[in-house]
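Position one of the first sequence corresponds to residue 1 (the numbering used here), numbered consecutively onward. All residues carry an ideal CB built from backbone N, CA and C; glycine is no exception.
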Amino acid sequence: MFGLVDGNNFYVSCERVFNPAIENKPVVVLSNNDSSVIARSNEAKALGIQMGVPYFQIKSLLEQHNVHVFSSNYALYGNMSQRMMDVLSAFTDEIEVYSIDECFVGLNGFDRWNLEEYGIKIRETVLQHIGIPTCVGIAPTKTLSKAANNLAKKLFRKDPSQSGVLLLDTEEKWKHALSQLNVADIWGIGHQYAKKLYSYNITNAADLARVRPAWAKKHLGGVVGERLIAELNGTSCIEMELVPRAKQTICVSRSFGKVVTDLGEISEALSTYASRAAEKLREEGTVAAVISIFIQSSRFKEKPFSAGLTITLPSPSSDSRIIVYHAIEGLKKIYKPGIEYKKTGIVLNGIISAKNMQTQLFEERPSNPALMKTIDKINKRWGPGTVHLASDGTTQEWQMLSTMRSKRFTTRWKELPVVKV
DNA sequence: TCTGGGGTCCTAGGACCC
DNA sequence: TCTGGGGTCCTAGGACCC
């Protein structure tokens, strides 16, 4: 059996832990650059505020209803997430952190317990220790546990006296649950597939569970679709991933807080992102062989501009100076003056373990792992960016907007509120 | 004025090989 | 006029996830 534990309106809940005054009030959290809505409290959902809607379009509506608005605070959410996962690991050895607010828990061998009660215990403990409300779905496949979680959330939102836990341990139970869900609510059915399914008159998840595997193979992305149908019928095809795999791709990109035309400013931003990407490699103990960089104007302009370049490094590296050097050299090649740029970024590929790397004897720009290790140590101790490359710039006027960010309560001593007693 | 960021997997099709 | 068959590797593009 699989359990799926998912934080309710996770980012909003994180904000509420440190700001109890916004409990039971409408709250939204915005994406980077304060661009669009990425999390909503139930009260905000009730006002009809949609996920992903641009902030500027609903600003007056939010003001009108006194909605509390926050810029996203990933330092806080990431740290709260870690704490939640730590609590969950006490409940089973089989833990798969699926996203910042979601975790699969393996419950094989737990059948002699009442699984519903176990789920309730999990919820209560996370709430008590971390302050984050969750819902729990339990079922014989991952896809069904996602569906169970989804339905548990819906029931709980409608009626807070519900347990917030849904156990689907018999065919009868999961069939009934699926009949209450739309196909678009199913894990693995996105926009395109939902549209296609509607056109075949398949709107209900229970209908989807009944389609022939061969039909799913043809219309829902090959073996992925086939697996999906099997999972909806109680046959588990997607196993727990207990050991997080090293990333195959690392991407760091961000929109600018203002329009940028100057090569110097874009270079600073790209240097900053390339450094961060290299840092991520070192966190994973890997090196990258290939880097891609890109620059873009606004996607919503009449004639959007976008350019990119892929560069193979002389040898795989995780050294910030090397990755930044090649990124900036590439940028100079694709930069065109007179364009209003909105975004730049770097993607790393050809990622392998640093241990398996073949070292070259003679290199124009040798990596210096000891230097990188020292920089990482300092930044870990004194905060991100304490030591950085000069090419990152000092004023960083292109930085994204984040005007309504709460304090980084759990990761910065300086931002801890002082309470007078 | 203003529309996020960071990932995964799969398939199809071309290049190339024998 | 005829113009194989089967395999691998790589990449681009499209779908998905949160």
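Item                                                                                                                                                                         : Value
Closer than 8 Å is the cut-off here; do at least three beta carbon pairs connect the segment 368 to 376 with the segment 240 to 256?                                         : no
Tell me the residue span of the beta strand (DSSP E) that contains residue 70.                                                                                               : 68 to 71
Whole angstroms is fine: what's the gap from residue 105's alpha carbon to residue 302's?                                                                                    : 47 Å
Is the separation between the beta-carbon of residue 21 and that of residue 29 shorter than 8 Å?                                                                             : no
By a C-beta neighbour count over all protein chains shown, 10 Å radius and 16 as the cutoff for buried, is residue 96 buried or exposed?                                     : buried
Looking only at DSSP bridge pairs, what is residue 96 linked to?                                                                                                             : 104
Which partner residues of residue 54 appear in the DSSP bridge assignment?                                                                                                   : 36
Would you mind listing the beta strand (DSSP E) stretches within the segment 210 to 264 that are 3+ residues and don't spill past its ends, in chain order?                  : 250 to 260
Does DSSP put residue 203 in a helix, a strand or coil?                                                                                                                      : coil
Starting from residue 349, trace the alpha helix (DSSP H) in both directions and tell me its first and last residue.                                                         : Premise fails: residue 349 lies in the beta strand (DSSP E), 341 to 353, not in any alpha helix (DSSP H).
Note down the Cα distance separating residue 309 from residue 292, rounded to an integer number of angstroms.                                                                : 6 Å
For residue 178, which residues from the same chain have a beta carbon less than 6 Å from its beta carbon, with the 5 sequence-adjacent residues on both sides left out?     : 205, 206 and 209
Return the chain-ordered list of same chain residues with a C-beta closer than 6 Å to the C-beta of residue 343, the five sequence neighbours on each side being excluded.   : 255 and 296
Touch check for the segment 391 to 409 and the segment 62 to 76: three-plus C-beta pairs under 8 Å?                                                                          : yes
Evaluate residue 10 with the Cβ neighbour count: other Cβ atoms within 10 Å of its Cβ, from every protein chain shown; 16 or more gives buried, anything less gives exposed. : buried
Determine the direct distance from the alpha carbon of residue 405 to that of residue 416, and round the result to whole angstroms.                                          : 14 Å
Rank 300, 294, 275 and 132 by C-alpha distance to the C-alpha of residue 317 and give the top, closest one.                                                                  : 275
State the DSSP-derived secondary structure class of residue 379, mapped to helix, strand or coil.                                                                            : helix
In whole angstroms, what is the alpha-carbon distance linking residue 211 and residue 229?                                                                                   : 7 Å
How do the segment 47 to 67 and the segment 108 to 119 stand: do at least 3 beta-carbon pairs fall below 8 Å, yes or no?                                                     : no
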